[in-house]
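Participant: Taking numbering that gives the first Met the number 0, I'd label the letters of the sequence shown as residues 0 to 139.
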Amino acid sequence: MLKKIHKSLFLKFLFLIAILIQSCGDITSGEKVLVAPSGVYILKATVKSKNDDSRENPRYLWFVSIHDKQNNLIYEDKDSDFVGYLNIKIAWDENDRAWVYNTDNSQIFFWEKVSNKWIKNDWDADKTKMIQRKIYPPKF
0 MLKKIHKSLF LKFLFLIAIL IQSCGDITSG EKVLVAPSGV YILKATVKSK
50 NDDSRENPRY LWFVSIHDKQ NNLIYEDKDS DFVGYLNIKI AWDENDRAWV
100 YNTDNSQIFF WEKVSNKWIK NDWDADKTKM IQRKIYPPKF
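#1: Considering only residues of the same chain and omitting the five flanking positions on each side of Ser-79, which have a CB-CB separation below 7 Å?
#2: Hey, how far is the Cα of Glu-93 from the Cα of Pro-137?
#3: Measuring CB to CB, does His-66 end up less than 8 Å from Ile-87?
#4: Between Lys-116 and Lys-49, what straight-line distance do the alpha-carbon atoms span, to the nearest angstrom?
#5: Ala-124: buried (16+ other C-beta within 10 angstroms of its C-beta) or exposed?
#6: Do the CB positions of Arg-132 and Trp-110 come within less than 8 Å of each other?
#7: Could you have a look at Ile-130 and say whether DSSP puts it in helix, strand or coil?
#8: Only counting the same chain, and skipping five residues up and downstream in sequence, which positions put a Cβ closer than 6 Å to that of Asn-120?
#9: So, helix, strand or coil for Glu-93, using DSSP?
#10: Helix, strand or coil for Tyr-84? Go by DSSP, reduced to three states.
#11: Are Ile-89 and Lys-31 closer than 8 Å when you measure CB to CB?
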């Protein structure tokens, strides 16, 4: 029982550290990082340029990636449309779903692991379906 308490306290400590890092992060650095409450995954949102042949100047977008606890990349959303100068917030819920909230247009996406594959969901577009599944965004 003591091991369970220590493990629980340690995971809560990691979660609090991640929240502190997140809240102190400088938006000019172009990266937000947050550890899942389980400690198994790391969510990263990073501003990167997207080369687009139709434009002379590169587009800067937020790209979402999920890493394991050793920081190995296990998923990357290569179809991002979060413009880099927009404000976003990231979060995890208690079921290890990664969430991104665009504070400029109120768009909400989440990623969940289904059959060992990470799936991107547009919570705004599928709100009825997600409410039927009882999936709600965490507090950002």
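Glycine included, each C-beta is placed from N, C-alpha and C at the ideal position. Computed from a predicted model, the values in this text were never measured in an experiment.
Facilitator: The answer reads as follows:
#1: Stepping through the sequence shown from its first residue, residue 79 is reached at position 80. Leu-60, Trp-61, Phe-62, Val-63.
#2: Counting from one through the sequence shown, the residue named residue 93 turns up at place 94. Counting from one through the sequence shown, the residue named residue 137 turns up at place 138. Straight-line measurement puts the Cα of Pro-137 at about 9 Å from the Cα of Glu-93.
#3: Taking the sequence shown and counting its residues from 1, one reaches residue 66 at position 67. Taking the sequence shown and counting its residues from 1, one reaches residue 87 at position 88. Cβ atoms of His-66 and Ile-87: not closer than 8 Å.
#4: Here residue 116 corresponds to residue number 117 of the sequence shown, with the count starting at 1. Here residue 49 corresponds to residue number 50 of the sequence shown, with the count starting at 1. For Lys-116 and Lys-49, the distance between alpha carbons rounds to 24 Å.
#5: Along the sequence shown, read from residue 1 onward, the residue named residue 124 stands at position 125. Classification of Ala-124: exposed, given that the 10 Å Cβ count is below 16.
#6: Position 133 of the sequence shown, counting from 1, holds the residue named residue 132. Position 111 of the sequence shown, counting from 1, holds the residue named residue 110. No. Outside cutoff.
#7: What you label residue 130 is simply residue 131 of the sequence shown in a count that begins at 1. DSSP places Ile-130 in helix when its eight states are reduced to three.
#8: Looking up residue 120 in the sequence shown gives position 121. Listed in chain order, the non-local C-beta contacts of Asn-120 below 6 Å within the same chain comprise Phe-109, local neighbours out to five positions each way being set aside.
#9: The sequence position of residue 93 within the sequence shown is 94, counting from 1. Coil at Glu-93, not helix or strand.
#10: On the sequence shown, residue 84 is found 85 positions in, with the first residue counted as 1. Residue state, collapsed to three classes: coil.
#11: Numbered from its first residue, the sequence shown carries residue 89 at position 90. Numbered from its first residue, the sequence shown carries residue 31 at position 32. Closer than 8 Å, so yes.
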